[in-house]
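Going by my numbering, the first residue of the sequence shown is number 38, and it counts up by one from there. A virtual CB, placed ideally from N, CA and C, is assigned to each residue, including glycine.
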Amino acid sequence: VRKDESPEAAAIREVREETGLDAEIEAPLPPVEYWYFWKRGGANVRHHKRVDFFLMRALGGHLEDHDAEVIEARWFPLTRAIAEATYPSERDVLRAAAEALRTGRRRPRKVTTR
Numbered sequence: 038v039r040k041d042e043s044p045e046a047a048a049i050r051e052v053r054e055e056t057g058l059d060a061e062i063e064a065p066l067p068p069v070e071y072w073y074f075w076k077r078g079g080a081n082v083r084h085h086k087r088v089d090f091f092l093m094r095a096l097g098g099h100l101e102d103h104d105a106e107v108i109e110a111r112w113f114p115l116t117r118a119i120a121e122a123t124y125p126s127e128r129d130v131l132r133a134a135a136e137a138l139r140t141g142r143r144r145p146r147k148v149t150t151r
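Laid out in structure tokens, this is it:
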């Protein structure tokens, strides 16, 4: 998240940069928080990280327009994403997205990246 940028605006920007898609936020999803160690000055320093997730609707763009940070961007079913997610916390977020889609609990919000 850039200075003076909301998590929502950062998510929209990151989706554009990493997937080539323009998107809008439909609903917040549960955040994921964890601790990790980073070597700094020869010592392991403990850091806390929070990752905010949002259910988003693609508005346009092309998957081929992603940045160099991403090797490939592609679509596949949500059930497959849940099955292939690496971490349990990622599966929980994807299940929350599936529940929001199933129940219609979405709140359209217009958020700009500026």
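Of all alpha-carbon atoms in A137, G141 and A95, the one lying nearest the alpha-carbon of R50 is that of A95.
Here DSSP, grouped into helix, strand and coil, assigns A105 to coil. Distances from the CA of L92 to each of E106, D102, R111 and E61 were compared; the closest alpha carbon is that of E61. When the five nearest sequence neighbours on each side are left out, the beta carbons in the same chain lying within less than 7 Å of the beta carbon of P68 are those of R87, V88, D89 and F90, in order along the chain. With 16 or more other CB atoms across the displayed protein chains lying within 10 angstroms of its CB, H103 is buried.
When the five nearest sequence neighbours on each side are left out, the beta carbons in the same chain lying within less than 8 Å of the beta carbon of V82 are those of F74, W75 and K76, in order along the chain.
The Cβ atoms of H85 and G57 do not sit closer than 9 Å to each other. If the five residues before and after R117 are omitted, its C-beta is found closer than 6 Å to no C-beta atom of its own chain.
In the three-state reduction of the DSSP assignment, P114 falls in the coil class. According to the DSSP assignment, E61 belongs to no alpha helix (DSSP H) but to the beta strand (DSSP E) extending over L58 to R77.
Looking at P125, E109 and Y71, the one whose alpha-carbon comes closest to that of E54 is E109.
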